[in-house]
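Q: Letter 250 of the first sequence, counting from 1, is numbered 608 in the working numbering, and no numbers are missing. Glycine included, each C-beta is placed from N, C-alpha and C at the ideal position. Just so we're clear, the structure is a prediction, and the values are computed from it rather than from any experiment. What follows is a structure written as structure tokens; I'll ask about it next.
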Amino acid sequence: MLDLKFLRENREVVIKGAEAKGIDINLDPIIEADDRRKALIQEGDNLKSRRNQVSAQVGKLKKEGKDASSVIAEMESVKTRIQEIDSEMREVEKNLTALLLTIPNIPHTSVPIGKTPADNKEIFRWGEIIKPDFPMKPHWDLTDKFEIVDFSRGSKVTGAGFPFYVGKGALLERALINFFLDHAGQRGYKEIAPPIIVNEDSARGTGQIPDKEDLMYVVERDQFYMIPTAEVSVTNFHRDENLNESDLPVKYAAYTPCFRREAGSYGKDVRGLNRLHQFDKVELVKFVHPLKSYDELELLREDAERVLQLLGLPYHTLLMCTGDMGFTQAKKYDLEVWAPGQQKWLEVSSCSNFESFQARRMNIKFRPDNGGKPEFVHTLNGSGLALPRVVAALIEHYQTPEGKIIIPKVLQQYTKFEVIG
RNA sequence: GGAGAGCUGGCUGAGUGGUCGAAAGCGGCGGUCUUGAAAACCGUUAUAGCCUCCGGGCUAUCGGGGGUUCGAAUCCCUCGCUCUCCGCCA
359 MLDLKFLREN REVVIKGAEA KGIDINLDPI IEADDRRKAL IQEGDNLKSR RNQVSAQVGK
419 LKKEGKDASS VIAEMESVKT RIQEIDSEMR EVEKNLTALL LTIPNIPHTS VPIGKTPADN
479 KEIFRWGEII KPDFPMKPHW DLTDKFEIVD FSRGSKVTGA GFPFYVGKGA LLERALINFF
539 LDHAGQRGYK EIAPPIIVNE DSARGTGQIP DKEDLMYVVE RDQFYMIPTA EVSVTNFHRD
599 ENLNESDLPV KYAAYTPCFR REAGSYGKDV RGLNRLHQFD KVELVKFVHP LKSYDELELL
659 REDAERVLQL LGLPYHTLLM CTGDMGFTQA KKYDLEVWAP GQQKWLEVSS CSNFESFQAR
719 RMNIKFRPDN GGKPEFVHTL NGSGLALPRV VAALIEHYQT PEGKIIIPKV LQQYTKFEVI
779 G
């Protein structure tokens, strides 16, 4: 969420930002609620001050053995009024927070204005899109042929979108996880293995609730949420904490399964590994100094891109336009890998700077080295990478005319085999 | 799952209804001393909100949330967490 003071003093900026994202907002109810809140605070604090004075007086009188009943009687109405104010305050603040949570983060000035994915800017392209002299198959043909991903048994055991990885498919999955984690480790990310179920506070912290509740599987009985990305657990790792400025940037890499209900997205992209309800992902998360967050975003993007380069998979990098970037981000890049068997780009990573939007919600600050007041950190995260689509692109890209799949060199030390088929 | 004990400032740890935002110690910061350092001594050391004639004033915060009371770290309820014992278990 945005800072209330900032919002009050920069109403135009906030409105324009939301507009660019295609979100309609109305700041008036927020200002009104905040005005009411301030009025209540003032009245309440004055009465409480009075109450504290009188209470001290009562204490003194009692100590001296004198009668205090007249003073106590006088406090009756004050007490009642304080209770009224406190109870209204609860309502007003609850309402104010709810309203504030409907205001999206403001896009960075470098973000192109736009409405649809067509307005995203391709800023980088890597690798050559191969034009083979044989018909390339989509990955689901190959995973079926080699029985390395079992979709139908997944449907039987759980449901659509919960495949089994079998034999070399499972080994390939594990190899990629290890490769991604090792690479992140070399780039200075500390590895952590987080919980994959979180409580309500954590889900709220990263913004999954209230607005994206439908995205998640909910463990209703215990009021827990299955994480849709490791971002949720890992960013909440430091919730309600003060970091030291000298420790910044704090960088983590985490492998987790991710769970997404994908409600409403049926019909498109459902073949094979393109869209699943459960998938593996290595996530990169950073807590950084506010002045360095945009430099850190570029580094994060490069860290995500590098593994695609090492795997030899052609990809391109998109700078997301204002209309396609989401509620909480200030700037976001998407990496899309080329899947030749399907002749299309598949999103495998999304690298975002949230500035202080999440940190404010989660109360994550850093204490400046010079001893100044704690300030909110900036948070960033990016996939490094999401597995199923990488597997899809890899299988399609490295298929041979004979219908085999070659494992790229860099992965062979992890898979311990060189070819499937 | 059952029984019990706890949760206090960066840390250790006092405090069971009346100036307690909270003793003391440790740590941190500043200073004196010293060629420098250590030791010793002195001082300082939370966060947030509201108001401000920008000097400051007020309020809240002792795991979270409610309540009792003129007044709550202290009493009651509730939730969470930690520890001990029992049961169960990868």
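#1: For L743 versus F538, is the C-beta spacing smaller than 9 angstroms?
#2: DSSP on L676, reduced to helix/strand/coil?
#3: Decide if T474 is buried, meaning its Cβ has at least 16 other Cβ atoms within 10 Å, or exposed.
#4: Let me know the alpha helix (DSSP H) ranges lying completely inside the segment 464-488, each 4 residues or longer, listed in chain order.
#5: Would you decide whether Q544 is buried or exposed? Buried here means 16 or more other CB atoms lie within 10 Å of its CB.
#6: So G546 and A662 are in contact, right, with Cβ under 8 angstroms, and what is the actual spacing, rounded?
#7: Can you give the Cα-Cα distance for D382 and P493, rounded to whole angstroms?
#8: Counting pairs of Cβ atoms below 8 angstroms between the segment 570-587 and the segment 723-731, do you hit three or more?
#9: If you draw a straight line from the alpha carbon of M574 to that of E442, how long is it in whole angstroms?
#10: Assign N536 to one of three DSSP states: helix, strand, or coil.
#11: Which of the three DSSP states, helix, strand or coil, is assigned to M359?
#12: DSSP has W696 in a bridge; who is on the other side?
#13: Which of the three DSSP states, helix, strand or coil, is assigned to M447?
#14: Helix, strand or coil, according to DSSP, for R664 in the structure here?
#15: Helix, strand or coil for G681 per DSSP?
#16: Considering just the uninterrupted stretch of the beta strand (DSSP E) at D638, what are its terminal residues?
#17: When the Cα of A456 is compared with those of V608, I567, V695, which residue comes out closest?
#18: By DSSP, does P615 sit in helix, in strand, or in coil?
#19: Any idea if V371 is buried or exposed, counting beta-carbon neighbours within 10 angstroms, 16 or more meaning buried?
#20: Mind the definition here: the segment 517-536 touches the segment 673-686 only if three or more C-beta pairs lie below 8 angstroms; say whether that holds.
#21: Buried or exposed for E589, going by 16 or more other Cβ atoms inside 10 Å?
#22: The beta strand (DSSP E) that contains Y583, what's its start and end?
#23: Take Y691 as the anchor and find which of T680, G699, A697, Q701 has the nearest alpha-carbon.
#24: DSSP beta-bridge partners for Y691?
#25: With DSSP run on the structure shown, which of helix, strand or coil describes N632?
#26: If you reduce the DSSP assignment to three classes, tell me which class Y523 lands in.
#27: Would you mind sorting Q716 into buried or exposed? The rule is 16 or more other CB atoms within 10 Å of its CB.
#28: Indicate whether P615 and S591 have their beta-carbon atoms separated by less than 9 angstroms.
#29: Per DSSP, which residues does E549 bridge with? Please list them.
#30: Between A750 and L631, what straight-line distance do the alpha-carbon atoms span, to the nearest angstrom?
#31: Tell me, which residues are paired with N600 by DSSP?
#32: What separation, rounded to the nearest whole angstrom, lies between the Cα atoms of W498 and G670?
#33: Just to confirm, is the Cβ distance from H647 to P672 under 9 angstroms?
#34: Judging by CA-CA distance, which residue of Q700, R597, I535 is the nearest neighbour of D638?
#35: I'd like to know if the segment 757-776 and the segment 507-521 are in contact, where contact means that at least 3 CB-CB pairs between them fall below 8 angstroms.
#36: Quick check on the DSSP output: what are the complete alpha helix (DSSP H) runs of length 4 or more inside the segment 366-450, in order along the chain?
A: Straight from the coordinates:
#1: yes
#2: strand
#3: exposed
#4: none
#5: exposed
#6: Not quite, the Cβ-Cβ distance comes to about 14 angstroms (not below 8 angstroms), so this is no contact.
#7: 48 angstroms
#8: no
#9: 38 angstroms
#10: helix
#11: coil
#12: W703
#13: helix
#14: helix
#15: helix
#16: 636-646
#17: I567
#18: strand
#19: exposed
#20: no
#21: buried
#22: 582-584
#23: T680
#24: L677, C709
#25: coil
#26: strand
#27: buried
#28: no
#29: A611
#30: 6 angstroms
#31: K723
#32: 21 angstroms
#33: no
#34: I535
#35: no
#36: 369-378, 386-421
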